[in-house]
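Peer 1: Provided herewith is a single structure, encoded as structure tokens, for subsequent inquiry.
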Amino acid sequence: MLNKIDNKSLQIIFAYFLIYVVWGSTYYFIGYALNDFPPFLLGAVRFSIAGVILLAWRYYKGVNVFEKSLVKKSAVSGLVLLFIDMAVIMLAQSYVTSSLVAIIASSTTIWILLLDFPMWKKNFRNPFTIVGIVIGFLGVLMLYLEQYLNENITSLHNTGIYILIFGCISWAVGTLYTKYFSMREANTDAFSGAAWQMIFASAMFWIFSLWRGELATVDVKTISTSSWASVFYLIIFGSIFAYTAYIWLLKVRPAAEVATHAYVNPVIAIIIGVTLGKELVTGIQIGGLVLILTSVTLVQLNKQRLVRK
Numbered sequence: 073m074l075n076k077i078d079n080k081s082l083q084i085i086f087a088y089f090l091i092y093v094v095w096g097s098t099y100y101f102i103g104y105a106l107n108d109f110p111p112f113l114l115g116a117v118r119f120s121i122a123g124v125i126l127l128a129w130r131y132y133k134g135v136n137v138f139e140k141s142l143v144k145k146s147a148v149s150g151l152v153l154l155f156i157d158m159a160v161i162m163l164a165q166s167y168v169t170s171s172l173v174a175i176i177a178s179s180t181t182i183w184i185l186l187l188d189f190p191m192w193k194k195n196f197r198n199p200f201t202i203v204g205i206v207i208g209f210l211g212v213l214m215l216y217l218e219q220y221l222n223e224n225i226t227s228l229h230n231t232g233i234y235i236l237i238f239g240c241i242s243w244a245v246g247t248l249y250t251k252y253f254s255m256r257e258a259n260t261d262a263f264s265g266a267a268w269q270m271i272f273a274s275a276m277f278w279i280f281s282l283w284r285g286e287l288a289t290v291d292v293k294t295i296s297t298s299s300w301a302s303v304f305y306l307i308i309f310g311s312i313f314a315y316t317a318y319i320w321l322l323k324v325r326p327a328a329e330v331a332t333h334a335y336v337n338p339v340i341a342i343i344i345g346v347t348l349g350k351e352l353v354t355g356i357q358i359g360g361l362v363l364i365l366t367s368v369t370l371v372q373l374n375k376q377r378l379v380r381k
């Protein structure tokens, strides 16, 4: 059986592992790094270092990383896909736990399915897909409803949820732009594109960090070793490996399929958040998550059925 799996298939499997498992773990490390880093400064440091390293590697490999069209399109993707979403996630984790951030972020797949207009005919040709999306929305609704049933939830907590919803929509729009515009040409280097996206996103993070005066609030000597280790993990595994894998997968796989990482990430985030971070997850949140996972299962089963036909 293994002999029948070609290199391309192995690359796809490994890429999905990165965006499913590794990306799911980054929610916890973001929360940990935020103990010592302001949100925009964290994004600035993370993406500027990751982007420069990745771009230097592609330049060393002989890739034309300064191709004008690639740079321009990557600038848009970097701002809409990476900057807005990651800024939202880091700001939200100032109000809510990493587990809840990951759970709400799972609605991204639903937004992509709804906004991917060129794929509507294929995605909605079968009732299984429609039922799956409806169940997914019910799951997300349960996650939001829990916040209002809990009288101890503060207005700041709700603020974190509202900006997360905006971030999910922005990520969906950025994903589809990257799929159909930034990475549309077959010869476009996904790694260079990801590098430029991180560099442009980091520029915005630096601007907002300086504007908010975050540098003045940080004493490098007081930053813990654990926070530095979290930043290192986010740079290497979260950005250089996982984010690049995401951009590459958008070139070779349907956007709605790639976006299923948003359903798996909460599971990983919850496991890590509960075991390492001692975070609490309510029964309603678990129920909502089960509905969301059920919805993506129905969608994927429908895709497999169509492929067999």
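Sequential numbering from 73 applies to the sequence shown in the numbering used here. The C-beta atom is built at its ideal place from N, Cα and C for all residues, glycine as well. Small disclaimer: the values here were computed from a predicted structure and weren't measured.
#1: Are ALA159 and PRO111 close, meaning C-beta to C-beta below 8 Å?
#2: Tell me where the alpha helix (DSSP H) around ALA334 begins and ends.
#3: Straight-line CA distance for ILE344 to PRO338?
#4: Under DSSP, the alpha helix (DSSP H) around PHE280 begins and ends at which residues?
#5: Please list the terminal residues of the continuous alpha helix (DSSP H) segment that includes LYS145.
#6: Leaving out the 5 sequence neighbours to the left and right, which residues in its chain are closer than 7 Å to ALA331 when beta-carbon positions are compared?
#7: Looking only at its own chain, which residues have a Cβ that is under 8 Å from the Cβ of TYR249, when we skip the five neighbours before and after it?
#8: Assign TRP268 to one of two classes, buried (16 or more other C-beta atoms within 10 Å of its C-beta) or exposed (fewer than that).
#9: Who are the near neighbours of MET276 in its chain, counting only those whose CB is closer than 7 Å to its CB and skipping five residues on each side?
#10: On the premise that VAL137 lies in contact with SER302, defined as a C-beta separation below 8 Å, what is that separation, rounded to the nearest angstrom?
#11: If ALA273 sits next to PHE119, beta carbons under 8 Å apart, how far is it from one beta carbon to the other, in whole angstroms?
#12: Could you spell out the range, first to last residue, of the alpha helix (DSSP H) harbouring THR98?
#13: Let's see if you can read the secondary structure: which residues bound the alpha helix (DSSP H) around LYS323?
#14: List the whole-angstrom C-beta distance separating LYS323 from ALA262, where the pair is believed to meet the contact cut-off of C-beta under 8 Å.
#15: In angstroms with no decimal places, state the Cα-to-Cα distance between TRP283 and VAL143.
#16: Suppose you measure from the CA of THR13 to the CA of TYR167; what does that come to, to the nearest Å?
#17: Which of the three DSSP states is assigned to GLY134 in this structure?
#18: Evaluate TRP192 with the Cβ neighbour count: other Cβ atoms within 10 Å of its Cβ, from every protein chain shown; 16 or more gives buried, anything less gives exposed.
#19: Would DSSP call VAL245 helix, strand or coil?
#20: Hey, would you say SER367 sits closer than 8 Å to GLY115, going by beta carbons?
#21: Beta-carbon within less than 7 Å of SER97's beta-carbon, same chain only, minus the 5 sequence neighbours each way: which residues are those?
#22: On the CB-based measure, 16 or more other CB atoms within 10 Å of its CB, does LEU126 come out buried or exposed?
#23: For THR316, which residues of its own chain have a beta-carbon under 6 Å away from its beta-carbon, when the five flanking residues on both sides are left out?
#24: Taking the C-alpha atoms as reference points, what is the distance between SER81 and ALA87?
#25: Exposed or buried, ASP157, counting other C-beta atoms within 10 Å across all chains shown (16 or more means buried)?
#26: Per DSSP, what kind of secondary structure is SER120 in: helix, strand or coil?
Peer 2: On the basis of the coordinates in this document:
#1: Position 87 of the sequence shown, counting from 1, holds the residue named residue 159. Position 39 of the sequence shown, counting from 1, holds the residue named residue 111. It is a contact, given that the beta carbons lie within the stated cut-off.
#2: In the sequence shown, the residue the question calls residue 334 occupies position 262. Run containing ALA334: 333–347, per the alpha helix (DSSP H) assignment.
#3: As a position in the sequence shown, residue 344 is number 272, starting the count at 1. As a position in the sequence shown, residue 338 is number 266, starting the count at 1. Rounded to whole angstroms, ILE344 to PRO338 spans 10 Å at the Cα level.
#4: Along the sequence shown, read from residue 1 onward, the residue named residue 280 stands at position 208. From DSSP, the alpha helix (DSSP H) with PHE280 extends over 262–283.
#5: Along the sequence shown, read from residue 1 onward, the residue named residue 145 stands at position 73. Looking at the DSSP string, the run of the alpha helix (DSSP H) that includes LYS145 is 140–149.
#6: Reading the sequence shown from its first residue, position 259 is the one you call residue 331. Result list for ALA331: THR180, THR181, ILE184 and THR247, in chain order.
#7: Along the sequence shown, read from residue 1 onward, the residue named residue 249 stands at position 177. Only VAL148, SER149, VAL152 and LEU153 meet the Cβ criterion.
#8: Here residue 268 refers to the residue found at position 196 of the sequence shown. Answer is buried; the Cβ neighbour count reaches 16.
#9: Within the sequence shown, residue 276 is the residue found at index 204, counting from 1. Excluding residues within five positions, the ones whose Cβ falls inside 7 Å are LEU151 and PHE155.
#10: As a working note, residue 302 is residue 230 in the sequence shown. As a working note, residue 137 is residue 65 in the sequence shown. SER302 to VAL137, Cβ: 29 Å. No contact.
#11: Working through the sequence shown from its first residue, we reach residue 273 at position 201. Working through the sequence shown from its first residue, we reach residue 119 at position 47. Rounded, the Cβ-Cβ distance is 5 Å, consistent with contact.
#12: For the purposes of this step, residue 98 is identified with residue 26 of the sequence shown, where counting begins at 1. Residues 95–105.
#13: Counted from its first residue, the sequence shown places residue 323 at position 251. Segment 316–324, the alpha helix (DSSP H) holding LYS323.
#14: Taking the first residue of the sequence shown as position 1, residue 323 is located at position 251. Taking the first residue of the sequence shown as position 1, residue 262 is located at position 190. Yes, LYS323 and ALA262 are in contact; Cβ-Cβ is about 5 Å, under 8 Å.
#15: Here residue 283 refers to the residue found at position 211 when the sequence shown is read from its first residue. Here residue 143 refers to the residue found at position 71 when the sequence shown is read from its first residue. The alpha-carbon atoms of TRP283 and VAL143 are separated by roughly 25 Å.
#16: Examination of residue 13 is not possible in this model, given that the chain is present from 73 through 381 alone.
#17: Along the sequence shown, one-based indexing puts residue 134 at 62. Reduced to three states, the DSSP call for GLY134 is coil.
#18: Looking up residue 192 in the sequence shown gives position 120. It counts as exposed.
#19: Taking the first residue of the sequence shown as position 1, residue 245 is located at position 173. Of the three classes helix, strand and coil, the one that applies to VAL245 here is helix, per DSSP.
#20: The count along the sequence shown starts at 1 and reaches residue 367 at position 295. The count along the sequence shown starts at 1 and reaches residue 115 at position 43. Contact: no.
#21: In the sequence shown, counting from the first residue as 1, residue 97 sits at position 25. Only ILE340 and ILE344 meet the Cβ criterion.
#22: By 1-based counting over the sequence shown, the position of residue 126 is 54. Buried, by the Cβ-count rule.
#23: Taking the first residue of the sequence shown as position 1, residue 316 is located at position 244. Closer than 6 Å at Cβ, skipping near neighbours: PHE263 and ALA266.
#24: Residue numbering aside, residue 81 sits at position 9 when the sequence shown is read from its first letter. Residue numbering aside, residue 87 sits at position 15 when the sequence shown is read from its first letter. Each residue's alpha carbon lies about 10 Å from the other.
#25: Within the sequence shown, the letter at position 85 stands for residue 157. Classification for ASP157: buried.
#26: Counting from 1 along the sequence shown, the entry for residue 120 is found at position 48. In the structure shown, SER120 sits in a helix (DSSP, three-state: H, G or I).
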